[in-house]
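Those letters in the sequence shown? Residues 0 to 419, per numbering that gives the first Met the number 0, in order.
Contents: one structure, followed by commentary.
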Amino acid sequence: MARARSVAIIGGGIGGLTVANALKQIGMSVSLYERAPYFIPTVGAAFGLQPNGQISLAHIGFKDQIEKIVNPIHKWQVINENCEVVAKTDELREFGKRFGYFMGGALRAELVDILKEPLEKSGILYYSHNMTDIKQDKDGVTISFDNEKQQKTVRVDMVIGADGIRSTVVKQIFPQTAPPIYIKKNIFYGMIDNIDEQTSINPIVREKNTITQNFDHGEFLTYPAGDKGQCMWAVLYSADTPPSTNDDAEWTKMNNQHELNQCLAKFRQSHPVHECAAATDKQRLLHFGLYYRQHRNDGWHRNRICLLGDSCHATLPYVGQGANMAIEDAISLATCLEKNNFEMEPAFQEYYKKRFNRTKRVVNISRYMGLFYHSENPIIRSIKLPVISWLINSGMMLKSLEKEMYGNCPVPIEQKNIVK
Numbered sequence: 000m001a002r003a004r005s006v007a008i009i010g011g012g013i014g015g016l017t018v019a020n021a022l023k024q025i026g027m028s029v030s031l032y033e034r035a036p037y038f039i040p041t042v043g044a045a046f047g048l049q050p051n052g053q054i055s056l057a058h059i060g061f062k063d064q065i066e067k068i069v070n071p072i073h074k075w076q077v078i079n080e081n082c083e084v085v086a087k088t089d090e091l092r093e094f095g096k097r098f099g100y101f102m103g104g105a106l107r108a109e110l111v112d113i114l115k116e117p118l119e120k121s122g123i124l125y126y127s128h129n130m131t132d133i134k135q136d137k138d139g140v141t142i143s144f145d146n147e148k149q150q151k152t153v154r155v156d157m158v159i160g161a162d163g164i165r166s167t168v169v170k171q172i173f174p175q176t177a178p179p180i181y182i183k184k185n186i187f188y189g190m191i192d193n194i195d196e197q198t199s200i201n202p203i204v205r206e207k208n209t210i211t212q213n214f215d216h217g218e219f220l221t222y223p224a225g226d227k228g229q230c231m232w233a234v235l236y237s238a239d240t241p242p243s244t245n246d247d248a249e250w251t252k253m254n255n256q257h258e259l260n261q262c263l264a265k266f267r268q269s270h271p272v273h274e275c276a277a278a279t280d281k282q283r284l285l286h287f288g289l290y291y292r293q294h295r296n297d298g299w300h301r302n303r304i305c306l307l308g309d310s311c312h313a314t315l316p317y318v319g320q321g322a323n324m325a326i327e328d329a330i331s332l333a334t335c336l337e338k339n340n341f342e343m344e345p346a347f348q349e350y351y352k353k354r355f356n357r358t359k360r361v362v363n364i365s366r367y368m369g370l371f372y373h374s375e376n377p378i379i380r381s382i383k384l385p386v387i388s389w390l391i392n393s394g395m396m397l398k399s400l401e402k403e404m405y406g407n408c409p410v411p412i413e414q415k416n417i418v419k
């Protein structure tokens, strides 16, 4: 069977960066190609770096660096439209004490900096490389790139497509793939610096180490991120189309402001979403539509080319696992390659078998949660908050979280306290 010693990774997101580090550590000759001219810190971009993601990154030597950028979450609370707490638990703190990893918020740019540093030092991270073609034969894969200076080709044993939900690699090896599915929901997503000093914002939102949610109009969410007092907030709302884009930056800015005003108008003036929006610099506000990808059931590889992360199982944000699933993919793929002595076919098949059910479950749970949160059915709307409150207060939600974040993590950890 064909063995791979050299690999090209297409896409420098969190999944691509993680798999580049993991494969480099097991002795493969690695090159990573990113089409952007450099890594642009996404304005307002925080995300949930969950215990399973942290455990997986610790497995390849990043434990100390990760601890410095994660703001641990100890409490979880749900508020109603009057900003009254209707459900609250501090059991998230106990997870961290028992297993050594807390749920947490992190800044995407800080994680990217950690992961790209060893690759840049080794000279194996290539910017401004836009893949235009990919061809494979029995002996290897030839990749064609356009970059800002010239056209070039690269020859390797193996290729990993980690280039996101609109993957170019997917189009090359699975040309009949359906496009990503827009769920007719958009999100505004902002960052507030020094949240402790923002006295105009309701203290409930400013509570330390706490994730706060409200479900009266879609979903409103806040949580701490980073280690410098930042707070991430988001509001999700129904829409017929994703946010408009235009080459005219001023037009886009005005359009976003108009849509933000329409979104905020659905909430009572006393709702903290108004305070969060007012405290956010408009340069630190993101606005985008929500998409997911139907799970592939015909494998994630073709011969020497394999997929990873959003290119094969893009999920919605309702369970906060998108980036974490890509990180897990990276560790699992590296483990399968090493276990199979770098023979691609058995390694890719084992990787798919290990990852398919877990990632499909996450994609489906997230989709169903979104349908529940945003339902316009009057019966569902009437029971939504009581059901969510009961799930949190009864501990049912916490047991499910424990199993997914610790028990089902692909990197083994201490098992004695994990829910079976």
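Backbone N, C-alpha and C fix where the C-beta goes; we use that ideal spot for every residue, glycine too.
Burial state of residue i (16 or more Cβ within 10 Å)
i	result
W75	buried
V386	exposed
F341	buried
Y100	buried
Q414	In this prediction, Q414 has a pLDDT of 47, which is less than 50 and means its spatial position is unreliable; what the coordinates show is noted afterwards. Exposed, since its Cβ has fewer than 16 Cβ neighbours within 10 Å.
F287	exposed
W389	exposed
N20	buried
K120	exposed
A277	exposed
S166	buried
N416	Unreliable placement is indicated for N416, whose pLDDT of 41 sits below 50; the coordinate value is still reported in the next sentence. By the neighbour-count rule (16 or more Cβ atoms within 10 Å), N416 is not buried but exposed.
Length of the line joining the Cα atoms of residue i and residue j
i	j	result
Q171	I133	7 Å
V155	N356	30 Å
Y317	D138	42 Å
Q293	A325	16 Å
P345	A57	26 Å
D112	R380	42 Å
Y350	E327	11 Å
R2	I330	19 Å
R366	Y291	8 Å
P179	N363	15 Å
R92	W232	21 Å
Y37	M0	37 Å
N407	A322	16 Å
P377	M368	17 Å
T279	N339	50 Å
G95	Q49	11 Å
S27	L220	A small fix is needed here, since residue 27 is Met in this sequence, not Ser. So the two alpha carbons sit approximately 41 Å from each other.
H300	F347	7 Å
N296	Q320	20 Å
L118	S127	16 Å
S393	A86	10 Å
D192	T209	16 Å
Residue i: first and last residue of the uninterrupted alpha helix (DSSP H) it sits in
i	result
G15	I13 to Q24
D112	R107 to K120
S55	P50 to H58
N392	P377 to N392
V234	Unbroken run through V234 is the beta strand (DSSP E), Q229 to S237; no alpha helix (DSSP H).
Y372	M343 to H373
A276	P271 to A277
L91	E90 to F98
T167	T167 to I172
I434	With the chain represented from 0 up to 419, any question about residue 434 goes unanswered, as that position is not in the structure.
S5	Taken as a continuous stretch (DSSP letters only), S5 belongs to no alpha helix (DSSP H), being part of the beta strand (DSSP E) at S5 to I9.
C305	Not the alpha helix (DSSP H): C305 falls in the beta strand (DSSP E), residues I304 to L306.
S30	Per DSSP, S30 belongs to no alpha helix (DSSP H); it is in the beta strand (DSSP E), S28 to Y32.
First through last residue of the beta strand (DSSP E) which encompasses residue i
i	result
T131	N129 to Q135
A333	Looking at the DSSP string, A333 is not in any beta strand (DSSP E); the run it does join, the alpha helix (DSSP H), is G321 to K338.
H286	L284 to Y291
V69	No beta strand (DSSP E) contains V69, which DSSP labels as neither H nor E.
R154	Q150 to V155
I191	I180 to I191
E218	E218 to A224
Residue i and residue j closer than 8 Å at C-beta
i	j	result
L106	G11	no
N70	G103	yes
I200	Q229	no
L235	I186	yes
L307	V6	no
V77	I391	yes
I13	Y32	no
P271	E258	no
V410	I159	no
A238	K184	yes
C275	V361	no
Supposed close pair residue i, residue j - CB separation, criterion 8 Å
i	j	result
L285	A44	7 Å
M190	R283	5 Å
I68	L16	Their Cβ separation, rounded to whole angstroms, is 14 Å, which puts I68 and L16 out of contact at 8 Å.
I72	Y181	In fact, because the Cβ distance is near 30 Å, the residues do not count as touching under 8 Å.
N260	E80	No, N260 and E80 are not in contact; Cβ-Cβ is about 19 Å, not under 8 Å.
S310	D215	Wrong, their Cβ atoms sit about 35 Å apart, outside the cutoff.
Short CB-CB distance (under 8 Å) between residue i and chain B
i	result
L235	Of the chains in the structure shown, none is chain B; there is only one protein chain.
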